[in-house]
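End of the sequence shown = 855 in the numbering used here, gap-free, step of one.
Have a look at the structure below before the remarks.
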Amino acid sequence: MQSHVVLLTPTVILYKMSDPSVEKEKKAFQDVLPEFIDSVVTTTKIKELPEVATWLKQVLNYVLPGGKLSRGLITSVGYKMFEEPEYFSESTQHDAHILGWCIQMMHTMFFVLDDIADGGTMRHNKTCWHLQRSVGVYAVNDALMIQQAMMDMLKIHFGKLPIYIDLISYFNENCEMAKLIQRNRMFYNQLRQLHSFKMSGASVEKEKKAFQDVLPEFIDSVVTTTKIKELPEVATWLKQICHALNVLIKSMAKLVRHHRLLRHQLRHVHHKLNASTINLDIEKKSFQAVLPEVIDCAITRPKIKELPEVQTWLKQLLEYTLVGGKLGRGLMVPMGYKGFEEPEHFSEETLHSARVIGWCIEMLHSTFLILDDVMDGGKVRHGKPSWHLHRSVSVYAVNDAMMIQQAMRDVLEVYFRNSPIYNDLISYFNEAIYRATMGEHLDLCSNYNKEIDNMEIFNVSRVDDIAINKSSFYTFKLPIFVALFLVNDGQSMATTELHQFCIELGRLMQVQDDYMDAYGCVTVTGKNGRDIQEGKSTWLAVTALQRCNSAQRSIFKEYYGSNDLEHVQRIKQLYDELNLPEVYEQYELKMYEGLMRRINEVPHAGGRNYLLAILNVCFKRVS
């Protein structure tokens, strides 16, 4: 009797998961998971935060195993299917496994968010992640951390390969389609096809002719629909795959509030600047003039134009949410380019590119602000009703926020994909988002609980870790360092000293924010402080405990973390008894002087003026 040979096509993978040949492939794929997770949690940025590393490992070990792993397997087996025997290598097969697990991470991110949105209770025969003890709604931040860890793995494993840019494009497109589909249900089947096949079919070696011949025709058949009729075999295959996967990607869940420091735009500093060097009014007007072009770029991408309803909605969304703020982060990019660039190398074309990047940062900022307002029930943003309060928006604002983020990635790709700075540009944006999710995790896990008496959370190191990851990277390093990408020989100026300036400035802003939470005027700050009630580990709390005697420490433990207004007032009274306002003034001045020394060490005069302008905005801020 002849042995039965199974042709390992995607359809077989999906329909014959119990077949020995497929089981063998699945086991080989699963065997890579421990190594993959280890590579995620041992990156430098994660190792710096052991608590985050432990948590992320726990998350991945829980959510990645289980299920049919179809998407990852299609990638893994796809390499064997398309590669010619003489070119096959175990090394590239291993890369296919890694890429498959990146795809599974994206799939898992959608599942975690989907379960929160739908109130799911079981996933892969075990309790959904958000129902685990101590997780709850914080699972949203975990899902975002998974997404950014995935982007990190793509950079680490494929960043130096010629396929990297295409990989990033495929992953970004898949994420965007998941958002667009919420505004146009009629394209739902195309989304499932794109998510299930196109992503998984991205070959580890794109230059192989066999795959190149198949993929364009397949993609064309998905996006045009009419051509499917001309390709009955592909249509049948596609239908089988989509039916087998049976994946429902729904609107994103309400996102955990992102770090508060993202709210603090750079204030007007015309009176603090040398008018001959920087005229903020002129800079802002020139910056705003670029917005219509950026919006037009975002809404005229082919995938958007195919969905007129979505196109109209996205235009309305961007015009409403990007207008009205102080635009501080965005302005830092063109102002940085003008500050650091030498006159003989300066060009209006590059300045225009700086403004485009600045608007991309503003788009990312708007993403966070929308999600923050949805989570906190914010009513006013930039002097007008928050986006989620608009008629017909409501909870859909969550999906709209994610659409803005993906539109931001689209704009970056359109303008800079063929530029030598593109890889670094994407890397810096991803790092800022990844750092924000890590800082958010630390912050969410920094509440005092009297029952377990977890006083160990009140330490300077933890406060610094939260500040650095939530503020320093996103608010300062991202706009300052991407500006240097555009400067002739700018990388020579992207020094460790400049990085440390950004780190220290982020720390100063966090301390200021902590202080204003307790002592700020509500009419000025625009918010009621909640750090004492929520038992947060803040600079004020840590400094207070450093200065407490035993009796005062007992008072702190008794009243901190209580919603009782009398208890809150008692903690504030304790702060006054410990002279914390005076300690704060001295600390802020010391930080300012240290930052001034760093600025004075910058050899470039224009760069010094630029950094001084930023510092002067932050010093003595009251909102």
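Note that CB positions come from ideal geometry on N, CA and C, so glycine has one too.
The structure presented is a predicted model; accordingly, all values stated were derived computationally and were not measured.
Two segments are said to touch when three or more pairs of C-beta atoms, one from each, lie closer than 8 Å; by this definition the segment 698-715 does not touch the segment 811-825. DSSP places ALA773 in the uninterrupted alpha helix (DSSP H) bounded by 771-779. Cβ atoms of MET635 and LEU546 come within 8 Å of each other, at about 6 Å.
Fewer than three beta-carbon pairs drawn from the segment 536-555 and the segment 677-696 are found closer than 8 Å, and the two stretches are therefore not classed as touching. Counting only the Cα atoms, LYS387 lies some 8 Å from SER659. Taking every protein chain shown into account, the CB of ALA783 has fewer than 16 other CB atoms within 10 angstroms, so this residue is exposed. In the DSSP assignment, GLN380 falls within the alpha helix (DSSP H) that extends over 371-390. Runs of beta strand (DSSP E) with 3 or more residues, each lying fully within the segment 300-378, are absent.
Contact between the segment 727-744 and the segment 694-710 is present, with at least three C-beta pairs closer than 8 Å.
Boundaries of the alpha helix (DSSP H) harbouring GLY562: 560-572, taken from the DSSP string.
Within the segment 616-694, complete alpha helix (DSSP H) segments of at least 4 residues are found at 629-648, 654-676, given in chain order. Partner residues in the beta bridge of ARG613, as assigned by DSSP, are LYS616.
When Cβ pairs closer than 8 Å are counted between the two stretches, the segment 340-347 is seen not to touch the segment 644-657, the count staying below three. For VAL834, same chain residues with a beta-carbon under 6 Å away, outside a window of 5 residues either side, are ARG840 in chain order. Between GLY767 and TYR680 a beta carbon distance of about 3 Å is seen, short of the 8 Å cut, so the two are scored as contacting. Scanning its chain for C-beta atoms nearer than 7 Å, with the 5 sequence neighbours on each side dropped, one finds around GLY615 the residues GLY556, in chain order. Closest by C-alpha distance to ALA715, out of HIS362, LEU563, SER308, is LEU563. For THR669, same chain residues with a beta-carbon under 7 Å away, outside a window of 5 residues either side, are ASN373, LEU376, MET377, GLN380 in chain order. In the structure shown, the three-state DSSP call for LYS768 is strand. A straight-line Cα-Cα distance of about 7 Å links PHE572 and VAL719. When ASP642, ASP605, GLN638 are compared, the shortest CA-CA separation from VAL625 is found for ASP605. For the pair ASP263 and ILE665, the Cα-to-Cα distance works out to about 30 Å. Here the alpha carbon of TYR319 sits roughly 11 Å from the alpha carbon of GLN325. Beta-carbon to beta-carbon, GLY671 and ASN701 are separated by about 3 Å, close enough to satisfy the 8 Å threshold. Shown here for LEU281: same chain residues with a beta carbon closer than 8 Å to its own, the five before and five after excluded, namely MET670, LEU674, ASP697, ASN701 in chain order.
By a beta-carbon distance limit of 8 Å, TRP333 contacts LEU265. Their separation comes to about 7 Å. Uninterrupted alpha helix (DSSP H) stretches at least 4 residues long and entirely within the segment 264-288 occur at 265-273, 276-279, given in chain order.
DSSP places PHE851 in no alpha helix (DSSP H); its state is neither H nor E. Taken in chain order, the whole alpha helix (DSSP H) runs of length 4 or more contained in the segment 794-838 are 797-809, 812-832.
In this structure, SER786 lies away from GLY738, with their beta-carbon atoms at least 8 Å apart.
With respect to HIS597, ARG561 sits close: the two C-beta atoms are nearer than 8 Å. At the C-beta level, VAL526 and VAL588 come within 8 Å of one another. In the DSSP assignment, TYR747 falls within the alpha helix (DSSP H) that extends over 728-751. In terms of Cα proximity to ARG667, the closest of THR275, LYS259, SER769 is THR275.
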